[in-house]
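**Student:**
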Amino acid sequence: MAYEGILLGMGNPLLDISSVVDEEFLQRSDWLVAESTEERERERD
Numbered sequence: 001m002a003y004e005g006i007l008l009g010m011g012n013p014l015l016d017i018s019s020v021v022d023e024e025f026l027q028r029s030d031w032l033v034a035e036s037t038e039e040r041e042r043e044r045d
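Quick note on numbering: the UniProt record's numbering labels position 13 of the sequence shown as 13, and the sequence is numbered without any gaps.
(1) Can you give me the C-alpha to C-alpha distance between E23 and S29, rounded to a whole angstrom?
(2) Starting from L26, trace the alpha helix (DSSP H) both ways and give me its first and last residue.
(3) In whole angstroms, give me the CA-to-CA distance for Q27 and V21.
(4) Can you tell me whether E4 is helix, strand or coil according to DSSP?
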């Protein structure tokens, strides 16, 4: 049985989306994960 030309995807497709953006966009959106996560942890303490 041949499976040529079949594409199978599993999981959450929203997690598979990636995009290259500049740091300015991330700062405007507060999406600098490493920095914003550390800052939020400090604010909670």
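From the three backbone atoms N, C-alpha and C, an ideal C-beta is built for every residue, glycine too.
**Tutor:** Based on what the coordinates show:
(1) 10 Å
(2) E23 to S29
(3) 11 Å
(4) coil
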